[in-house]
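Asks: First residue of the sequence shown: 0, per numbering that gives the first Met the number 0; consecutive thereafter.
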Amino acid sequence: MRARHEGERQLSFGPYSRAGLALVFVPLYAGPILSGWAGHPLATLPVFALAFLFFIAASRRPDLSDPAGIAGLAIMAAVQFVLVTVCFGGGALVARFAGPLAAPLWLPILMTALAAVVGALRYSENAEMNVFLDSAIEELEAMNDGRASDWAEVHPEPSPDVQAAVDQTVAALRGLPANANVAMIDPIVQDLEQQADVAGFDPFYDAAGMVDGVEDRRVDLGLLRFVASPYIRRKLVERGEGGIAPMLMLNASDPGVRSEARSLLATLIDEGAPNAQLPDPVWLDELNAAFPGEGYEEIARQRRDRISA
0 MRARHEGERQ
10 LSFGPYSRAG
20 LALVFVPLYA
30 GPILSGWAGH
40 PLATLPVFAL
50 AFLFFIAASR
60 RPDLSDPAGI
70 AGLAIMAAVQ
80 FVLVTVCFGG
90 GALVARFAGP
100 LAAPLWLPIL
110 MTALAAVVGA
120 LRYSENAEMN
130 VFLDSAIEEL
140 EAMNDGRASD
150 WAEVHPEPSP
160 DVQAAVDQTV
170 AALRGLPANA
180 NVAMIDPIVQ
190 DLEQQADVAG
200 FDPFYDAAGM
210 VDGVEDRRVD
220 LGLLRFVASP
230 YIRRKLVERG
240 EGGIAPMLML
250 NASDPGVRSE
260 ARSLLATLID
270 EGAPNAQLPD
280 PVWLDELNAA
290 FPGEGYEEIA
300 RQRRDRISA
């Protein structure tokens, strides 16, 4: 849930807000489910699998000049076909109990195809989506290994008290001068840590970055300083999200926010955060070209050294 401006809840469709992710993933998966529910022929499965593969491949960018990249693409294709089959089968199961759905053959296919295109355009060459997908893969592997893996337990909906604490924090940050520094911001986010613990991260993250086409450097710096707490940072690394906040801010319009994001990222690298939670060196090269002399080249070198080690 997004933070509210002056007490009014607003729904925003930032790429990594819950609403933004749902905008892509709900129709993506709904297509094969509806097709199975409507009793469409099994010949539609490869079409859905191709749409799934297009989205995932555009997001993960496998290197097809390398045998490992080709093997990765083949694995992606197999996984997408399994996912499509499971979704289609779920829809067919619903039809058995609720009766078939009257839906034309083209409608579910169009839904999934449009979602795949939108997702590819939104998340292509974005390292943060790599972290999101890696986290999802880890969840699937956990289920496959028979281990407990409860998404609601790891990412619970914020309680009213937590949401209220985050709303108050965001309001306090927005009440600071436009050029507020970290010395003014730290006491506010430290209070949030005391009130909400790591549960405050998700709603705080939703309030940061590009919201309704606007960036607020005070909120962005607040999120980064919140994650800079050793306790909060450790908890986020444990749940596979250590690098999400700095990666959201690495290409921020404000140079101070970018600097704070790089500093936090350097700390994560020094502390040995898993590679899956850190940005792709290729993306860092692109950031270095966009913001020369800011230090992205050195971070890219460190990432390559870690990956090749």
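For every residue, glycine included, the Cβ atom is placed at its ideal position computed from N, Cα and C.
Quick caveat: nothing in here was measured; it's all calculated off a predicted structure.
Apart from the five residues just before and just after ALA272, which ones in its own chain have a Cβ nearer than 8 Å to its Cβ?
Replies: These residues qualify, in order along the chain: VAL236, GLY241 and GLY242.
Asks: Here's the rule: buried if 16 or more other CB atoms are within 10 angstroms of the residue's CB, otherwise exposed. What is SER158?
Replies: Burial call: exposed.
Asks: Is it right to say VAL83 is buried, meaning 16 or more other beta carbons lie within 10 angstroms of its own, or is it exposed?
Replies: Classification of VAL83: buried, given that the 10 Å Cβ count is 16 or more.
Asks: Alpha carbon to alpha carbon, what distance is there between ILE306 and ILE184?
Replies: So the two alpha carbons sit approximately 34 Å from each other.
Asks: In whole angstroms, what separates the C-alpha of LEU286 from that of ARG261?
Replies: Spanning the two alpha carbons is a distance of roughly 11 Å.
Asks: Ignore the nearest five residues each way along the sequence and tell me which others in GLY30's own chain have a CB closer than 7 Å to its CB.
Replies: Only PHE47, PRO107, ILE108, MET110 and THR111 meet the Cβ criterion.
Asks: Classify ALA198: buried if its beta carbon has 16 or more other beta carbons within 10 angstroms, exposed otherwise.
Replies: Classification of ALA198: buried, given that the 10 Å Cβ count is 16 or more.
Asks: Within the same chain, show all residues whose beta-carbon is closer than 6 Å to that of GLN301, passing over the 5 residues directly before and after it, in chain order.
Replies: Excluding residues within five positions, the ones whose Cβ falls inside 6 Å are ILE268.
Asks: Count the other CB atoms, across all protein chains shown, that sit within 10 Å of the CB of GLY98; report buried if there are 16 or more and exposed otherwise.
Replies: By the neighbour-count rule (16 or more Cβ atoms within 10 Å), GLY98 is not buried but exposed.
Asks: Rounded to whole angstroms, what's the CA-CA distance from VAL210 to CYS86? Just pull it up for me.
Replies: If I take the Cα positions, the gap works out to 32 Å.
Asks: Starting from the C-beta of ALA179, find all residues in its chain whose C-beta is less than 6 Å away, skip the five residues before and the five after it, and write them out in chain order.
Replies: ARG217, listed in sequence order.
Asks: State yes or no: is the C-beta of PRO45 within less than 8 Å of the C-beta of LEU113?
Replies: No, the Cβ-Cβ distance between PRO45 and LEU113 is not below 8 Å.
Asks: Would you tell me roughly how many angstroms separate the C-alpha atoms of MET248 and PHE225, rounded to the nearest one?
Replies: Cα to Cα, MET248 sits roughly 14 Å from PHE225.
Asks: As a quick exercise: from ASP215, ALA170, GLY90 and GLN167, pick the residue whose alpha carbon is nearest that of ALA177.
Replies: Closest by alpha carbon: ASP215.
Asks: Tell me, which residues are paired with VAL213 by DSSP?
Replies: Bridge partners of VAL213: VAL210.
Asks: Taking the alpha helix (DSSP H) that ALA308 belongs to, which residues open and close that run?
Replies: Premise fails: ALA308 is in no alpha helix (DSSP H) and is neither H nor E.
Asks: On a CA-only basis, which of LEU104, LEU52 and LEU92 is nearest VAL81? Give me that one, please.
Replies: Out of LEU104, LEU52 and LEU92, LEU52 has the C-alpha closest to the C-alpha of VAL81.
Asks: On the CB-based measure, 16 or more other CB atoms within 10 Å of its CB, does PRO229 come out buried or exposed?
Replies: That one is exposed.
Asks: Could you tell me the distance, in whole angstroms, from the CA atom of GLY221 to the CA atom of LEU172?
Replies: Between GLY221 and LEU172, the C-alpha separation is close to 7 Å.
Asks: From GLN189 to ASP219, what distance separates their C-alpha atoms?
Replies: Going by the C-alpha atoms only, they are around 15 Å apart.
Asks: Quick one: grab the DSSP three-state call for GLU270.
Replies: Three-state DSSP puts GLU270 in coil, outside helix and strand.
Asks: With a threshold of 16 other CB atoms inside 10 Å of the CB of ARG208, please say whether the residue is buried or exposed.
Replies: Inspection of the sequence shows that residue 208 is occupied by Gly rather than by Arg. Result: buried.
Asks: Apply the 10 Å Cβ neighbour rule to ASP205 and answer buried if 16 or more other Cβ atoms are within range, or exposed otherwise.
Replies: Buried, since its Cβ has 16 or more Cβ neighbours within 10 Å.
Asks: Thinking C-beta only, is TRP36 closer than 8 Å to LEU100?
Replies: Yes, these two residues count as a Cβ contact at 8 Å.
Asks: What's the call for PHE24, buried or exposed, on a 16-neighbour Cβ count within 10 Å?
Replies: Exposed, since its Cβ has fewer than 16 Cβ neighbours within 10 Å.
Asks: For GLY310 and SER258, what's the separation of their Cα atoms in angstroms?
Replies: Outside the shown range of the chain, which is 0 to 308, sits residue 310, and nothing can be said about it.
Asks: Under three-state DSSP, which class holds GLU259?
Replies: In this structure, GLU259 counts as helix in the three-state DSSP scheme.
Asks: Contact defined as beta carbons within less than 8 Å: I believe ALA299 pairs with LEU283. What is the distance between those atoms, to the nearest angstrom?
Replies: With 8 Å as the limit, ALA299 and LEU283 qualify as a contact, their Cβ atoms being about 4 Å apart.
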